[in-house]
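Enquirer: This structure is in structure tokens; I'll ask about it shortly.
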Amino acid sequence: MKFSIFPLVLIAGTTMFSCVSQKKYDELSSRFNSVYSENQGCQTELAVAKSKLANYDNSYTQSENTVSSERAQVRELQKLLNNCIEGGNKNVAELVKEINESNKYIKHLVDTKNKSDSLNMVLTNNLTRSLSREETKDVDVQVLKGVVYISLSDNMLYKSGSYEISPAAGETLSKIAKIINDYKDYDVLIEGNTDNVPINKTNIRNNWDLSALRASSVVQALQNQFGVDGKRMTAGGRGEYNPLTTNATDAGRSQNRRTQIIILPKLDQFMELIGQGPKD
């Protein structure tokens, strides 16, 4: 609160000279100085308080602006969240649909694979029904995509490094001939395979020769001894270039030395062959 001290001084002076003693004057003067000093202090504190209030007002305004900005951001984020939730629900529904379609496709593949395996088993059983348990150790029969592969071991058919059919192979070849003759309209490929050990024979140049000669020997045995029509058969050699496994071990080389009889039915013949499978 502002007020002028000049009238007080004038009054005090007039009063001092007219009404009071020197002692009283000194006392009043001292009190005046004290009140004046307190007033100056109050004025300073008032100015500081006003400055702080102005700062507080400024801070409050900034806080209000910040709060308003944050609220606007919250509204925007809420809007984005709602859009994401709505879009997420659609995406989840689409994902579930895709999963269901994938499951149907997988089931179809499994059913197809099971059916194919069953048909191949019927064909294999049908083709090997005449082989004994001992003969099946040296004769591997597989059906892959309608093609019949009969693989005969090298040890069962020939002596080492030779292409002459051994006498012990006659009985097995007779049964293989029966399988071939049961399906007389099928084409037959006889394919010779060797390991990668170089051949050391004066009358055989290399493994190509050996594989082709062995295939030719089987073709001629099937034709001349067991009555398979030569027009149906083709003899071919693949040398060492169609291995089943590694040639780095004795067991691997033994497995790679083989003669394959490949029976190639046409589609209508394949379906007929399926129909001839055992009912059980």
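Oh and the sequence shown: position 11 is 97 in the numbering used here, straight run, nothing missing. For glycine and all other residues, C-beta sits at the position ideal for the given N, C-alpha and C.
Can you round the beta-carbon distance between residue 298 and residue 323 to whole angstroms, since I take them to be within the 8 Å contact cut?
Expert: Counted from its first residue, the sequence shown places residue 298 at position 212. Counted from its first residue, the sequence shown places residue 323 at position 237. Between residue 323 and residue 298 the Cβ distance is about 3 Å, and since that is below 8 Å, they are a contact.
Enquirer: Tell me whether residue 257 sits in a helix, a strand or coil according to DSSP, three-state version.
Expert: In the sequence shown, residue 257 corresponds to position 171, counting from 1. Note: residue 257 maps to helix in three-state DSSP.
Enquirer: Helix, strand or coil, according to DSSP, for residue 111 in the structure here?
Expert: For the purposes of this step, residue 111 is identified with residue 25 of the sequence shown, where counting begins at 1. The answer is helix: DSSP assigns residue 111 an H, G or I state.
Enquirer: Report back the beta-carbon spacing between residue 313 and residue 267 to the nearest angstrom; my notes put them in contact at under 8 Å.
Expert: By 1-based counting over the sequence shown, the position of residue 313 is 227. By 1-based counting over the sequence shown, the position of residue 267 is 181. 7 Å between Cβ atoms; contact.
Enquirer: In the structure shown, what three-state DSSP assignment does residue 240 receive?
Expert: Here residue 240 is taken as the residue at index 154 of the sequence shown, counted from 1. Three-state result, residue 240: helix.
Enquirer: Please tell me whether residue 346 and residue 235 are closer than 8 Å, where the distance is taken between their beta carbons.
Expert: Taking the sequence shown and counting its residues from 1, the one referred to as residue 346 is at position 260. Taking the sequence shown and counting its residues from 1, the one referred to as residue 235 is at position 149. The answer is yes: Cβ separation under 8 Å.
Enquirer: Only counting the same chain, and skipping five residues up and downstream in sequence, which positions put a Cβ closer than 7 Å to that of residue 330?
Expert: On the sequence shown, position 244 is the one that residue 330 refers to. Counting only Cβ-Cβ distances below 7 Å, and skipping sequence neighbours, we find 341, 342.
Enquirer: If you measure between the beta carbons of residue 300 and residue 278, is that distance less than 8 Å?
Expert: Counting from 1 along the sequence shown, the entry for residue 300 is found at position 214. Counting from 1 along the sequence shown, the entry for residue 278 is found at position 192. Going by C-beta atoms, residue 300 is nearer than 8 Å to residue 278.
Enquirer: Between the C-alpha atoms of residue 364 and residue 251, what's the straight-line distance to the nearest angstrom?
Expert: For this step, residue 364 is matched to residue 278 along the sequence shown. For this step, residue 251 is matched to residue 165 along the sequence shown. Its pLDDT being 46, under 50, residue 364 is placed unreliably in this model, and the value from its coordinates should be taken loosely. Taking the straight line from one Cα to the other gives about 33 Å.
Enquirer: Within the continuous alpha helix (DSSP H) that includes residue 283, where are the two ends?
Expert: Within the sequence shown, numbered from 1, the residue matching residue 283 stands at position 197. Neither: residue 283 is in no alpha helix (DSSP H) and is coded neither H nor E.
Enquirer: Just verifying my parser: in three-state terms, what is the DSSP assignment at residue 314?
Expert: Taking the sequence shown and counting its residues from 1, one reaches residue 314 at position 228. Residue 314 falls in the coil class under three-state DSSP.
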